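In this note's numbering, the protein residues as written are 10 to 1280.
So, in structure tokens, the structure goes:
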């Protein structure tokens, strides 16, 4: 009966699951018909989640629509989030209806593909439900969900466009197996037969002219004819802008909220062409299906102009507010003007205040000066007042007021809603200038912004100097398919704002503005994980004209910035960001330039490239800008090949194929930017640039720090037409800088030394990697760079460890997914920036069972630069945790070597060497020695791996055949070992850590173990039971995983203690054991015992401590005392495990209920969990005592009776289900004596003999004898 109950429960659970999974899902033979009644539908909905093979959207907190995948089944497996960005509707309007659900369906059609498989049972159940069995080909690709089915005679292919049906239903509870009562759309799959081989036509026909209505709307008759397989979409443009305030139904376009005046209207319809068909068998019935294989759209459009003029209504009042700004959008103070003979000036915010004869009084709302009576509409549309007649304001030439300020008198202006007017104004020199009036009307307040030309224009240039990464490093180490020149197609990356939002939001990354080319956008989307909360990428070529425009920034990601710059053909400099906010607000005379001025290491063989940028912060254009660079002792100007020979005291420095000619006079170098740099327009800071290349002189010594300084020493201000401006015959000078005149090498060195001293003094407590240029420069037209000389090459290896397979035997090892390091552009760029690559691979613990085998793949990468040492890891040590032991090393052919020879597990050698492994069982660590391994060449390492991954080329190494031995393809060192989860492993996280314990650099073709790794120390990890500590190089294998706070939602990079060590983790799953309970009397094996009437009975209970007792949530022993017995009390109860006596209220709790006569001993109950710590496989022994109960007269109630007693074990092993187990039923009874009287000689019993029994001689002598129940 127990088994029957359990079976019923399982059946019920199954029914519930299937009902949930297939509610609202049914397909029958009427697949080509409209989806009504009992016809087929698969549903779909709002926000993106993936549940097994199930997609759903959520809107307003309620489940709306669902989509099931025919390939992978309904949601019978675990629920997992699966987020994707939604497609941009504006770019894909060709096949969209206005209904959002149709858009969502199309988005999934375009973006869905499966990465994980549902269970076979799930898929079979779904196929059975929809009448589709024998699914054989499971090829799934992006944008093309293919499924091949068996027909009686042939195979037919089902493509993405016919894979789905859907129905709109905003209430989950309304789903039923017979369909939905909500509105049902015709699905793509239902368009099969009707449009098969039908002539496709899209036609747009105007049925009536556009009409302007009195209520401010337009009506336009338009008929659309569409015989294409897919629906058409429509779009309305008003004055060239997309207009959303319209409806289109019954061949009529109704347009609203356009406004008065003359407007141009365009109406467009479009749809996709269908170029082929396919078929599928469903329920033995062949159905024709559609396949969209052409992305070309069919477009039609109609255009029309119309004018809407509304009749005036009754007059009303409104308030006129005037604000003054300059042409950069900054509020202007003390700008005077006059309206209706009242004179005004402006305050700090540019707002108008009236000028009194003696002082300035701010206008308040009761002042009548601002009120004008005009004719306006009495009704407001969208909050705007629409004026019939223009406001007329008088305009006169400018005169000086009493305070000496210029006063502009306005002549006349036409004010229009949200418009822009230019008004000509006479200045005091008789010239005409233009004022721009920007007006918008809101309610009864009209705000007028008057843009006034600057009274005083200024000329202002600023300069920055930065080191550019050596060309060899940019090209060979950080090669993003770099071809040595800037392609025109690569020059137009615009600035992008990216916001990373929290998990579960509609989009994991929101691109506010992005016109990146497709390849760049893919990179940004793929690596959004590296972003901060909000990032603005800047310094991109907005116009594709070679000018690097600087955009205001908030925060910057160096990794993404460097990638974008390289992709755009822009070199990597050390400018951390430019903020023009102060410049725009006129609070300061220069922008804020954040620079990296940390020491840059150079070697004797380096050619150092400096980039000098000149920014125009003023109101005039600039050209003929002379740059002077002061060269320090130890540095000399050279060409791109390192030659220092001068030709007519000139030398040509070449960068990116462009020549820059410098005139050399000793230690002074000069050049000129001849191109005109445009004035600052309040938005974009224009710049020009030159490059100068230098190398170290023979006199330079290791450790020398060399500063060199550049400044602007001449420049010309120009008008827009190129005319050079002068003041009293002299060139206009920079407003905040003065050029220095330096002659002679000694003076050059003095200038450099002064600059150095100033920088060191100003740098106090500043971060030299991110420092405001204004802190150290003399003026904004000068800047410096500094280098430190080193002649040492560096050696730098990195180790990464991954779980690559798991299984319970060699034959059953299965690959894990997404565990191996992902070497990509971000990895390479991070290596450039920090010296260590960012290796993205999952670290979330994988579940294993006792006895499972785990394959670990250890890879070594060389992170050195092109001039650094090649080399390899000569020894790797892997520290194993308790619960895991070494099993084998993987041979080159993939087989396991699990037999040692003289203590060594030795692999076969191939062209890439071999391995010898020693297992130190006492310390549970594995030592792997590499033999004859070719060096990892620096120039072909991280970037080679990256490019090989991109090209999907084969990467050769130890686990490839002997035919290959190519240094260019040997991109990383690799070894694989097998470890086993022991049978005694606890249910816990098991983390093991591998590190490089000996590395070898290659010097002149020879191995050299004396060369130390740049940023790692071999044998530096201490395995400890203390808390892990990075600074002390300590690792506690028991807690390391939790201390890392692993969260692979965004797949972050988890660095080790140093970059030469890494970790991996498994989670051991153990099944809790089933406890046993037994009971005896006197002894656990004794099931019955006789006692004298007053003697205490000794009961014994044994309860076992099962495996994984720590998972139990309840463990209680109870015993209900028979009414014929008397419990001797809690104080006589003893509890122990083995020889250890357990302590009441510490190890267990006990109580006795007099009413129920029940002893209860709790080891795990509620908050009391002492039993969780008991040693597994032990036995809990409980002993308690009873006596026989007596009646009122003192007689034993159970005389000559058997009194059984049973114990019960109540437990929950973590399943959430309470279980009970009963013990045996031992019994006690009163004692019995058999008395015989017989003849001693004959040994024959004497019949009829009578005798009495006393309990003692004393009682017998006193005549006290035992009596039976009858007396």
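Virtual Cβ for every residue (Gly too), placed ideally from N, Cα, C. As the structure is a computational prediction, the values presented were derived from the model and not from experiment.
With 16 other Cβ atoms within 10 Å as the buried cut-off, status of residue 1250: Residue mapping note: residue 1250 aligns to position 1241 of the chain shown, counting from 1. By the 10 Å Cβ count, residue 1250 comes out exposed.
Look up residue 5 in the DSSP assignment and say whether it is helix, strand or coil. There is simply no residue 5 to check, as the chain begins at 10 and stops at 1280 in what is shown.
For residue 1177, count neighbouring Cβ atoms within 10 angstroms of its own Cβ and tell me buried if that reaches 16, exposed if not. Sequence index remark: in the chain shown, residue 1177 carries index 1168 (1-based). Residue 1177 is exposed by the Cβ-count criterion.
Determine whether the beta carbon atoms of residue 937 and residue 886 lie at a separation below 9 Å. Taking the first residue of the chain shown as position 1, residue 937 is located at position 928. Taking the first residue of the chain shown as position 1, residue 886 is located at position 877. Yes; because the gap between Cβ atoms is below 9 Å, this pair is in contact.
For residue 276 and residue 251, which I take to be in contact (beta-carbon distance under 8 Å), what is that distance rounded to the nearest angstrom? Position 267 of the chain shown, counted from the first residue, corresponds to residue 276. Position 242 of the chain shown, counted from the first residue, corresponds to residue 251. Residue 276 to residue 251, Cβ: 12 Å. No contact.
Close-in-space but distant-in-sequence residues of the same chain around residue 729 (CB under 6 Å, 5 per side omitted): Here residue 729 refers to the residue found at position 720 when the chain shown is read from its first residue. Excluding sequence neighbours, residue 729 sits near nothing in its chain.
Alpha-carbon to alpha-carbon, residue 654 and residue 4: Residue 4 is absent from the structure shown; the chain starts at 10 and stops at 1280.
Among residues of its own chain, excluding the 5 on either side of residue 1213, which ones have a beta-carbon nearer than 8 Å to its beta-carbon? Indexing the chain shown from 1 puts residue 1213 at position 1204. Cβ within range, chain order: 1131, 1234, 1235, 1236.
Residues near residue 1179 in its chain [Cβ-Cβ closer than 7 Å; skip 5 each side]: As a first step, residue 1179 must be located in the chain shown, where it is residue number 1170. Once the five neighbours on either side are set aside, the close Cβ partners of residue 1179 are 1155, 1156, 1157, 1172.
Excluding the 5 residues flanking residue 610 on each side, which residues of the same chain have their C-beta closer than 7 Å to its C-beta? Working through the chain shown from its first residue, we reach residue 610 at position 601. If we look at residue 610 and ignore the five residues flanking it on each side, its Cβ neighbours are 797, 799.
C-alpha distance - residue 861 paired with residue 1137, whole-angstrom precision: Locating residue 861 in the chain shown gives position 852, counting from the first residue. Locating residue 1137 in the chain shown gives position 1128, counting from the first residue. Going from the Cα of residue 861 to the Cα of residue 1137 covers about 52 Å.
C-alpha gap between residue 1129 and residue 1108, whole angstroms: Position 1120 of the chain shown holds residue 1129. Position 1099 of the chain shown holds residue 1108. Roughly 12 Å between the two C-alpha positions.
In whole angstroms, give me the CA-to-CA distance for residue 1284 and residue 940. Residue 1284 falls outside the range modelled here, since the chain spans only 10 to 1280, and no answer is possible.
What residues are listed by DSSP as bridge partners for residue 253? Stepping through the chain shown from its first residue, residue 253 is reached at position 244. Paired residue(s): none; residue 253 is not in a bridge.
Confirm, please, whether the CB-CB distance from residue 646 to residue 682 is below 9 Å. Walking along the chain shown from the start, residue 682 turns up at place 673. Walking along the chain shown from the start, residue 646 turns up at place 637. No.
Does the beta-carbon of residue 468 have 16 or more other beta-carbons within 10 angstroms, so that it is buried, or is it exposed? Position 459 of the chain shown, counted from the first residue, corresponds to residue 468. Buried, because 16 or more other Cβ atoms sit within 10 Å of the Cβ of residue 468.
When you compare the CB positions of residue 688 and residue 627, do they come within less than 9 Å of one another, or not? As a position in the chain shown, residue 688 is number 679, starting the count at 1. As a position in the chain shown, residue 627 is number 618, starting the count at 1. Yes.
Using C-beta distances below 7 Å, list every residue in its chain close to residue 1200, excluding the 5 sequence neighbours before and after it, in chain order. On the chain shown, position 1191 is the one that residue 1200 refers to. Around residue 1200: 1206.
Residue closest to residue 930, alpha-carbon to alpha-carbon, out of 779, 888, 1024: Taking the first residue of the chain shown as position 1, residue 930 is located at position 921. The residue with the shortest Cα to Cα distance from residue 930 is 888.
For residue 882, is the classification buried or exposed, using 16 other Cβ atoms within 10 angstroms of its Cβ as the cut-off for buried? Here the question's residue 882 lines up with position 873 in the chain shown. It counts as buried.
Candidates 1166, 1141, 1146, of which the one nearest residue 1134 by Cα: The sequence position of residue 1134 within the chain shown is 1125, counting from 1. Nearest C-alpha to residue 1134: 1166.
Is it the case that the Cβ atoms of residue 967 and residue 919 are separated by a distance below 9 Å? Within the chain shown, the letter at position 958 stands for residue 967. Within the chain shown, the letter at position 910 stands for residue 919. Yes, they are a contact pair.
Using the rule of at least 16 other Cβ atoms within 10 Å of the residue's Cβ for burial, across every protein chain shown, is residue 1271 buried or exposed? Counting from one through the chain shown, the residue named residue 1271 turns up at place 1262. Residue 1271 comes out exposed.
Identify every residue that forms a DSSP beta bridge with residue 879. As a working mapping, residue 879 is identified with position 870 in the chain shown. According to DSSP, which records beta bridges pairwise, residue 879 is partnered with 1011.
Any idea what DSSP makes of residue 635, helix, strand or coil? The residue you call residue 635 lines up with position 626 of the chain shown. Residue 635: strand per DSSP, three-state reduction.
Close-in-space but distant-in-sequence residues of the same chain around residue 1268 (CB under 6 Å, 5 per side omitted): In the chain shown, the residue the question calls residue 1268 occupies position 1259. Correct list: empty, nothing qualifies.
Can you tell me which of the three DSSP states residue 757 falls into? For this step, residue 757 is matched to residue 748 along the chain shown. It is helical.
Look up residue 804 in the DSSP assignment and say whether it is helix, strand or coil. Position 795 of the chain shown, counted from the first residue, corresponds to residue 804. DSSP places residue 804 in strand when its eight states are reduced to three.
The region 242-250 / the region 258-278 touching (three or more Cβ pairs under 8 Å): yes
Tell me the DSSP secondary structure of residue 835 in three-state form. The residue given as residue 835 occupies position 826 in the chain shown. Here residue 835 sits in helix by DSSP.
Which residue wins for smallest C-alpha separation from residue 922, given the options 901, 1113, 910? Taking the first residue of the chain shown as position 1, residue 922 is located at position 913. Closest option to residue 922, Cα to Cα, is 901.
Drop a sphere of 10 angstroms on the beta-carbon of residue 982, count the other beta-carbons inside from all chains shown, and report buried for 16 or more, exposed for fewer. Taking the chain shown and counting its residues from 1, one reaches residue 982 at position 973. Buried.
Complete beta strand (DSSP E) runs within the region 594-667 (minimum length 3 residues, chain order): 601-604, 609-611, 616-625, 630-639, 644-646, 659-664
Is the beta carbon of residue 909 closer than 9 Å to that of residue 928? Position 919 of the chain shown, counting from 1, holds the residue named residue 928. Position 900 of the chain shown, counting from 1, holds the residue named residue 909. Their beta carbons are under 9 Å apart, which means residue 928 touches residue 909 by this criterion.
Inter-residue spacing [alpha-carbon to alpha-carbon] between residue 696 and residue 673: Your numbering for residue 696 matches position 687 in the chain shown. Your numbering for residue 673 matches position 664 in the chain shown. Straight-line Cα distance between these residues: approximately 24 Å.
Which residues mark the beginning and the end of the alpha helix (DSSP H) in which residue 1268 is found? To locate residue 1268, count along the chain shown from 1; it is residue 1259. 1266-1271 is the extent of the alpha helix (DSSP H) around residue 1268.
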